[in-house]
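Chains as they are written, first to last, in UniProt numbering: chain A, 1 to 470; chain B, 1 to 470. Glycine included, each C-beta is placed from N, C-alpha and C at the ideal position. For clarity, every value in this text was computed on a predicted model and none was experimentally measured. Have a look at the structure below, then the notes.
Number of protein chains: 2
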Amino acid sequence: MRGKTMGDALDMVRNEDGIAAVLGVLEQQFGEACHTGQAVRAQHGHTTTWIPTQAPDAVIFAKSTEEVAAIVKICATHKVPVIAYGTGTSLEGHVNAPVGGVCIDMSEMNKILAVHDQDLDCVVQPGVTREQLNLHLRDQGLFFPIDPGANASLGGMASTRASGTNAVRYGTMKDNVLALEVVLPSGEVIRTASRAKKSSAGYDLTRLMIGAEGTLGIITEITLKLQGIPEAMSSARCSFASVDAACQAVMATIQYGIPVARIELLDAMSVKAANAYSKLDLPETPLLLLEFHGSESGVAEQAEVFGAIAEDAGGTGFVWTTKPEDRTKLWQARHDMYWASLQLRPGAKGVSTDVCVPISRLAECVAAASEKAAELGLLAPVVGHVGDGNFHTLPLIDMENAEEVAKAEGFVSWLNDLAISMGGTCTGEHGIGQGKKPYLRKELGGAVDVMAAVKAAIDPDGIMNPGKIL
Amino acid sequence: MRGKTMGDALDMVRNEDGIAAVLGVLEQQFGEACHTGQAVRAQHGHTTTWIPTQAPDAVIFAKSTEEVAAIVKICATHKVPVIAYGTGTSLEGHVNAPVGGVCIDMSEMNKILAVHDQDLDCVVQPGVTREQLNLHLRDQGLFFPIDPGANASLGGMASTRASGTNAVRYGTMKDNVLALEVVLPSGEVIRTASRAKKSSAGYDLTRLMIGAEGTLGIITEITLKLQGIPEAMSSARCSFASVDAACQAVMATIQYGIPVARIELLDAMSVKAANAYSKLDLPETPLLLLEFHGSESGVAEQAEVFGAIAEDAGGTGFVWTTKPEDRTKLWQARHDMYWASLQLRPGAKGVSTDVCVPISRLAECVAAASEKAAELGLLAPVVGHVGDGNFHTLPLIDMENAEEVAKAEGFVSWLNDLAISMGGTCTGEHGIGQGKKPYLRKELGGAVDVMAAVKAAIDPDGIMNPGKIL
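What follows is the structure in structure tokens.
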């Protein structure tokens, strides 16, 4: 049971001989498609985050499952790390190569292989992005609901168990994948499940691979559930005097059972950032943004019931609309919040937090986070997928200032501990990667040993994305 | 990677010395609470199924997680099997003890530990049954939606990844469990997750344990998602000239996006059985039974839209009602179908099938199954959770007639192969147990080796519910 914790930074060393041997074979087999230039390598360790880049030794843009399997087999022979790369939008150093190895860039495996409109599912390669898929589906009246903001690849989204603004209604990647094709660390290829909507056929390997961050295998094909585009969609917004009042409205909305498609919180600092970046003139107090999906009469009913709830919580300026241009403008501003927040302090890096707590503790947790940030002198706007109890603070840090960096690290650690003490998690949707490794055992204790045992069983040489999660 | 398939019937032998040693320790430690009498033992291998009973050597009614851990530790020391028992309503021999061992009956661990009404979740012991939970929740306006028909224990439902009539709207057990406490094969106790609504914190051990049928550990506490009782519920029924026409209506309903809470098919033979057993006078042609949850206006709208779809598919006798007594009568008849079907041939045993296929293949699959049964001279009524593409046939067999038994086995095998060839599964909700082991590799190929590797990593001595799944 007590598997050795894989990829612990202390016992990780570069396998120089193995890497040299693998590069030799790959260059022979893939020629110019095996990139070893500094620029391409650096780009593939780089992500939209504060975590420093650790570049791989080579990058190959895979074209097929067979190519992925061939690369993995070569790496397995020489016990060299393999790291899958989607679009590089992860936030916890997931694609870094702390001891080098081969990066497999999946972006050219971007075919939509089948859309089964009668079954409301589709089969895609992992490099397909969510926007690409939704563009393809639109004419058929279908859509894929998971929306983490960034135009991420579906393989990456599955690997980090991504979710985002629509999760309150449609769930996360774990709820929207029917089956996977996976290249195992041995180079063998498996299918985790059939295309049936539900199954009790043995261990749920689909869910085991979702959120495994590429540490158990590389996803090479994904069967996704789809949704019919709703007959009607409406958006609403409402301002509140305090984060607490906004959270009370959220809690009442969820308890009432309004099937909101999205319910997002922006604190006053985030609204200010959005006004400046997206040229809006929203009142600079805490704001809820909502979206409703349903029939024409259904979305009207939902908006009205929410309006009454918001009023009870002291909300002001409640407006709702079904006009596509108004809806798009607001949601684009929400999606641009990361970039808008960075503009609050040009040149700073954002250190994103990602706690998720039971909704009854949400108001208290958000308030405590903002107070703590202020106490530390950190500029830390808050946005949240509050229907799920998940919110992000983004302390804006001058990475050259050691004292500030230490303060930010202390803040992140304090907030993760607080969320865990409230029965929550240190990561609602970003994953563990490198950045959250210290918190996993605090949160889950001995369960981490079970994860390590599973890792050792499936990847005994620890070649798959080493140094992540465990 | 190539773990030995655990619990293969050929290499399983009784560990006589270990069992004797364990019985000695347990009798000393638990006194009269350690039952070794023939009647109690036989009862704990028995289930509502055709699979012959294989009794354990002893049965202990556990009172706490600590007791479960203590029993498992004793069994681990002597490498003796441990089998968890809920209510014995499984259908694939899940609680059998093919090489003996100790059965832990969880029925006295039946406390509802906490209901967090603001968070829409609760924490229960595994022996709590779904009816017990719903009775407890009713006054708070909450309910737990998963309904497999039988009044099963929630631990058993989690272990077999159960679902049933409400899954089309609310998902299966995999979608409705937030976290588990599990006693591992070593006797260690872990928690798989926090109470947060969503999480990306490492491997999804919650989903790994759900559907593991007690082969990776014993569930001792469950955190469940709850739903608010809808403002309104309505039921509807509609008769069709053929199964094909009924399935066309189902497919259109799902594609249209009507959020049906239940959509169940009974074929003509099942309707006949229900009329006789439940004293109804339904037209003896294929029937759809539906339930709608929502606001008053929402359920009316849903029923009306379904009515129009049913009419397009040639449906007749469409009626809908919100009267509780009418709703209850119909759904009680649906829940009693297993017993009603057995009355079609008194003295016969039912051999339930459980295939689940993409909904576009459902009509074809059901029709082929009925034709094949008729061709073989088998009486095999059909019921189905058709919104998910899941249906059950129940060949009624004289178990003393070897030729009939062989025909039934041939039929089950043929139907499982057909479902797999259609992109479906041999088990939508009953699990693998002993009965479906031959089909798992046909369905999932090399993925079964990954399951075996995970099993060997977590339960190296193979003591947890041996001879099931793998």
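Starting from residue i, trace the beta strand (DSSP E) in both directions and tell me its first and last residue.
i	result
phenylalanine 318 of chain B	316–321
leucine 178 of chain A	177–183
valine 123 of chain B	121–124
glycine 236 of chain A	Note on residue identity: the sequence assigns alanine, not glycine, to residue 236 of chain A. Where alanine 236 of chain A is concerned, the enclosing beta strand (DSSP E) stretches over 232–239.
glycine 384 of chain A	382–385
histidine 116 of chain B	112–116
aspartate 105 of chain A	102–105
isoleucine 222 of chain A	218–225
Compare the beta carbon distance of residue i and residue j with 7 Å and say whether it is the shorter of the two.
i	j	result
valine 189 of chain A	valine 183 of chain A	yes
serine 239 of chain B	glycine 317 of chain B	yes
alanine 58 of chain B	valine 102 of chain B	yes
methionine 109 of chain B	alanine 179 of chain B	no
residue 471 of chain B	glycine 45 of chain B	Missing from the structure shown is residue 471 of chain B; chain B here goes from 1 to 470 and no further.
alanine 348 of chain A	isoleucine 397 of chain A	yes
leucine 282 of chain A	valine 299 of chain A	no
leucine 224 of chain A	isoleucine 263 of chain A	no
glycine 423 of chain B	serine 194 of chain A	yes
cysteine 247 of chain A	leucine 362 of chain A	yes
proline 185 of chain B	methionine 464 of chain B	yes
glycine 389 of chain B	isoleucine 359 of chain B	yes
residue 476 of chain B	alanine 76 of chain B	No answer is possible for residue 476 of chain B: the residues shown for chain B start at 1 and end at 470.
threonine 393 of chain A	threonine 353 of chain A	yes
methionine 451 of chain B	tyrosine 203 of chain A	yes
asparagine 401 of chain A	alanine 261 of chain A	no
glutamine 302 of chain B	isoleucine 258 of chain B	yes
valine 80 of chain A	glycine 164 of chain A	no
valine 405 of chain B	valine 250 of chain B	no
valine 351 of chain B	proline 395 of chain B	yes
arginine 161 of chain B	glycine 217 of chain B	no
glycine 428 of chain B	cysteine 356 of chain B	yes
Quick one: measure Cβ to Cβ for residue i and residue j, integer angstroms, because I've assumed they're closer than 8 Å.
i	j	result
histidine 293 of chain A	arginine 138 of chain A	Not a contact, Cβ separation roughly 15 Å.
valine 128 of chain A	leucine 154 of chain A	5 Å
lysine 372 of chain B	phenylalanine 411 of chain B	6 Å
leucine 288 of chain B	arginine 207 of chain B	Contact flag wrong, Cβ pair sits at about 31 Å.
valine 95 of chain A	glycine 88 of chain A	6 Å
proline 381 of chain A	alanine 273 of chain A	6 Å
glycine 467 of chain B	methionine 12 of chain B	6 Å
valine 383 of chain B	leucine 266 of chain B	5 Å
serine 234 of chain A	threonine 322 of chain A	5 Å
isoleucine 219 of chain B	serine 159 of chain B	6 Å
Pull the bridge partners of residue i from the DSSP assignment, please.
i	result
arginine 262 of chain A	A:Glu291
lysine 349 of chain A	A:Ile397
asparagine 390 of chain A	A:Cys356 and A:His385
glycine 467 of chain B	Answer by DSSP bridge pairing: none, since glycine 467 of chain B is not bridged.
glycine 228 of chain A	A:Leu142
Starting from residue i and walking both ways along the alpha helix (DSSP H), at which residues does that stretch end?
i	result
cysteine 426 of chain A	That residue, cysteine 426 of chain A, is in no alpha helix (DSSP H); it is neither H nor E in DSSP.
threonine 253 of chain B	243–256
alanine 33 of chain B	Unbroken run through alanine 33 of chain B: none, as it is neither H nor E.
valine 412 of chain B	402–421
cysteine 365 of chain A	362–376
aspartate 449 of chain A	447–458
methionine 337 of chain B	337–342
glutamine 140 of chain A	No alpha helix (DSSP H) contains glutamine 140 of chain A, which DSSP labels as neither H nor E.
residue 536 of chain B	With chain B covering only 1 through 470, there is no way to say anything about residue 536 of chain B.
valine 40 of chain B	38–43
alanine 268 of chain A	268–278
lysine 436 of chain B	Neither: lysine 436 of chain B is in no alpha helix (DSSP H) and is coded neither H nor E.
Item to check | Unbroken stretches of the beta strand (DSSP E), 3 residues or longer, contained in the stretch 45–83 of chain B | outcome: 58–61
Item to check | Segments of 3+ residues assigned as beta strand (DSSP E) that fall wholly inside the stretch 155–212 of chain B | outcome: 177–183 and 189–191
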